[in-house]
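Asker: The opening position of the sequence shown corresponds to residue 4 in this note's numbering, with each subsequent residue numbered one higher. Shown below is the structure under consideration.
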Amino acid sequence: MKEKLQEILEMQRVFDARVCEEHGLEPDKRVGNLVLALYVELGELANETRCFKDWSVKPPSEREIILEEFVDGIHFVNSLALVFDREEALLYIKVEPVNKGITIVEQFNRVYSAISSMDWVYKNSKWRDVEHELVKVYQEYFWLGQALGFTFDDIYSAYIKKNKKNHERQDVGY
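Next up, the structure:
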């Protein structure tokens, strides 16, 4: 698993370098945008699962749509790790389910809380203490994927597919 995490982090590094070069961006000035993008993707993911919509009888979106939304979030967590220069810490997350007994809604809320905590620590202590919070975001996010029924191999395959799609979008001026 460690090798596959290294691979997707390297793919993200290449993509982010391309985006920064083509759009004249400075990586360390993107943190606020990346955090907001992660929140937005998490909301889009929740919307596709419909897990919180207790007022509705409409079923969740198809599994592949939910998986793609999930992987969108992974891209932004990876980008944050690269900006913080803390990607090495992400290689040691636990992928076995630990949050058993927690509902999907509770797990979404745990991810939101972890993102908020990471953002606060970054804003108040900058690079010094952000690693622990970043790892917590990654861990909680992967546990959310498990709660949604995705294996690490599902996530890895979908990530590769979406990364390719993201490059194709950049090719045509997305």
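We put the CB at the ideal spot given by N, CA and C, even for glycine. Since the structure is predicted, the reported quantities are computational estimates derived from the model, not experimental observations.
(1) If we ignore side chains and look at the alpha-carbon of each, how far apart do Val-133 and Leu-151 end up?
(2) Do the region 33-40 and the region 80-89 touch if we need at least three Cβ pairs shorter than 8 angstroms?
(3) Any chance you could list the alpha helix (DSSP H) runs of at least 4 consecutive residues sitting entirely within the region 32-71, in chain order?
(4) With the cut-off set at 8 angstroms, would you say His-149 and Ile-96 are in Cβ contact?
(5) Which parts of the region 93-152 are runs of the alpha helix (DSSP H), unbroken and 4 residues or longer, counting only runs that do not cross its ends?
(6) Exposed or buried, what is Arg-172 when buried is set at 16 or more other beta-carbons lying within 10 Å of its beta-carbon?
(7) For the alpha helix (DSSP H) containing Glu-90, name the first residue and the last one.
(8) Between which two residues does the alpha helix (DSSP H) holding Val-17 run?
(9) According to the neighbour-count rule (16 or more other Cβ atoms, all chains shown, within 10 Å of its Cβ), is Val-80 buried or exposed?
(10) Can you find a CB in chain D that lies within less than 8 angstroms of the CB of Ile-107?
(11) What are the boundary residues of the alpha helix (DSSP H) that includes Tyr-162?
(12) Are there 16 or more other CB atoms within 10 angstroms of the CB of Trp-146, so buried, or fewer, so exposed?
Answerer: This is what the structure holds:
(1) 27 angstroms
(2) yes
(3) Within the region 32-71, the complete alpha helix (DSSP H) runs of at least 4 residues fall at 34-52.
(4) Looking at the sequence itself, residue 149 is Gln, so the reference to His does not match. Against a cut-off of 8 angstroms, the Cβ pair of Ile-96 and Gln-149 comes out as no contact.
(5) Fully enclosed alpha helix (DSSP H) runs of 4 or longer: 107-128, 133-150.
(6) exposed
(7) Counting along the chain, Glu-90 falls outside any alpha helix (DSSP H), and DSSP gives it neither H nor E.
(8) 5-26
(9) buried
(10) Although the question refers to chain D, the structure presented lacks it and comprises just one protein chain.
(11) Secondary structure note for Tyr-162: its alpha helix (DSSP H) is the uninterrupted segment 155-174.
(12) buried
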